[in-house]
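Chemist: Numbering of the sequence shown is given in my numbering, commencing with residue 8 and proceeding in unit increments.
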Amino acid sequence: MAPWRCPRGSRAPAGRQSRHAQAVRTGESERFMELGIIGLGKMGGNMAERLRRGGHTVVGYDRDPEVSDVGSVEELVERLSPPRAVWVMVPAGKPTAETIHKLGEVLEQGDLVVDGGNSHYVDDRKHGEELAAKGIGFVDCGVSGGVWGLENGYALMVGGDEDDVKRLMPIFETLKPEGEYGFVHSGKVGAGHFVKMVHNGIEYAMMQAFGEGYELIEASDIVTNVPETFRSWQEGTVIRSWLLDLLNRALAGDPELDDLRGYANDSGEGRWTVQAAVDHAVPLPAITASLFARFASRQDDSPTMRVVAALRNQFGGHAVESSKGADSPGADVNPPSV
């Protein structure tokens, strides 16, 4: 299903508007919301589509006019009914800081901003204080799910004031997977991105373990079917997991991972996790070792890091390097049809 987008400079069709308006009139406003989304890339665009399928009214802005519903942040704010809620899905660091500062200039008291990117939790405190000074709420939300989230749902880790989080629950309920899991209000502002940071640190260590196990099995002279061995672990074993499923998907297409170079970048969150461990005097030998292994991968090719590179590409569409050294497309992983 192609995502619906409102033509720039026009209002949503009557059917699209009436659902939200009718919900307000009939007391069902707790079920459907209006939401602005800034950043319609791999994650933001799919999140917008999942919300629209769930009955919410979404107005999206992106620097790419081909995917944007409006021509500017100001127009996005004008199209939303107060009190507004705007979700930011742009790269962490300066792009996020600039976007939040801009929203602070155009939003009004009582409006609410969500940072759903991979921001450092320390930055959340600064952004929350900046917006609070203008009477604008702020919620940080760590999002996991990658390119598969449109169909499977996104795991959401949220930090912020309880009333702000409660106000956004219809959005969270639609984005999360069905069932009781996949959402947590972790604590105050910064808590969502803190636990997402730790989540990604754990992810580093898990991928490293799969990679090292693969390399050891491949190096033996008694195992003749390495891919089938990993495939057999998908049921009945204590290490069965989504990462194992994705590794088997990668091995099915390239049994010896010869098409990949064993180079794995790091998103920054592994570094932040290790730094937080130092700050809190908490030993993290496995996560720290997996981060350093990624640094080493930039010097030497190895089967372990080919597994890590393949897994990063499978779950997040992250760019990989081929064995010939050429960059491969970063968003070339599509979820299976449902």
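Glycine included, every Cβ here is placed at the ideal spot set by N, Cα and C. Since the structure is predicted, the reported quantities are computational estimates derived from the model, not experimental observations.
So what does DSSP say about L175, is it helix, strand or coil?
Modeler: Reduced to three states, the DSSP call for L175 is coil.
Chemist: Between the alpha carbons of R70 and E185, how many angstroms are there, rounded?
Modeler: For R70 and E185, the distance between alpha carbons rounds to 32 angstroms.
Chemist: So G123 and V95 are supposed to be a Cβ contact under 8 angstroms. How far apart are they, rounded?
Modeler: Going by Cβ atoms, the distance from G123 to V95 rounds to 6 angstroms, so yes, they are a contact pair.
Chemist: Return the CA-CA distance between T295 and N272, expressed in angstroms with no decimal places.
Modeler: Spanning the two alpha carbons is a distance of roughly 15 angstroms.
Chemist: Using the beta-carbon count (16 or more within 10 Å), is P177 buried or exposed?
Modeler: So P177 ends up on the buried side.
Chemist: Leaving out five residues on either side along the sequence, give the residues of the same chain with a beta carbon under 6 angstroms from the beta carbon of A92.
Modeler: The residues are L42, L119.
Chemist: Rounding to the nearest angstrom, what Cα-Cα distance links N159 and E112 in this structure?
Modeler: For N159 and E112, the distance between alpha carbons rounds to 36 angstroms.
Chemist: Compute the Euclidean distance between the alpha carbons of G243 and L138, then round it to the nearest angstrom.
Modeler: Approximately 50 angstroms, taken between the alpha carbons.
Chemist: For R86, I'd like the list of residues in its chain whose CB is within less than 7 angstroms of its CB, leaving aside the five on either flank, ordered along the chain.
Modeler: Around R86: V66, V77.
Chemist: Measure from the C-beta of L250 to each C-beta in chain D and report whether the shortest distance is under 8 angstroms.
Modeler: In the structure shown, chain D does not exist; there is a single protein chain.
Chemist: Would you kindly report the start and end of the unbroken alpha helix (DSSP H) that includes W94?
Modeler: Where W94 is concerned, there is no enclosing alpha helix (DSSP H), although the beta strand (DSSP E) it sits in stretches over 92-95.
Chemist: I'd like to confirm the pairing. Which residues does DSSP put opposite F190 in its beta bridges?
Modeler: According to DSSP, F190 bridges with L163.
Chemist: Would you decide whether H108 is buried or exposed? Buried here means 16 or more other CB atoms lie within 10 Å of its CB.
Modeler: H108 should be labelled exposed.
Chemist: Check for me: the alpha helix (DSSP H) holding E276 runs from which residue to which?
Modeler: 276-287 is the span of the alpha helix (DSSP H), which, as asked, contains E276.
Chemist: Since T311 is in the alpha helix (DSSP H), which residue starts that stretch and which ends it?
Modeler: Looking at the DSSP string, the run of the alpha helix (DSSP H) that includes T311 is 310-323.
Chemist: Assuming S151 and A212 are in contact, meaning their beta carbons sit under 8 angstroms apart, how far apart are those beta carbons, in whole angstroms?
Modeler: In fact, because the Cβ distance is near 16 angstroms, the residues do not count as touching under 8 angstroms.
Chemist: Whose C-alpha, out of D265, E235, T236, is nearest the C-alpha of S309?
Modeler: Considering only alpha carbons, the answer is D265.
Chemist: Check I229 in the structure and name its three-state DSSP category.
Modeler: It is coil, neither helix nor strand.
Chemist: According to DSSP, is G46 part of a helix, a strand, or is it coil?
Modeler: The answer is coil: DSSP assigns G46 none of H, G, I, E or B.
Chemist: Measure the alpha-carbon distance for G194 versus N207 and round it to whole angstroms.
Modeler: Computed Cα separation, rounded: 18 angstroms.
Chemist: Where do the ends of the alpha helix (DSSP H) carrying S151 lie?
Modeler: Note, S151: premise wrong, no alpha helix (DSSP H); beta strand (DSSP E) at 144-151.
Chemist: From the DSSP secondary-structure annotation, give me the bridge partner or partners of D122.
Modeler: Paired residue(s): V95, D147.
Chemist: Can you tell me which of G167, Q321, M54 puts its alpha carbon nearest to the alpha carbon of A198?
Modeler: It is G167.
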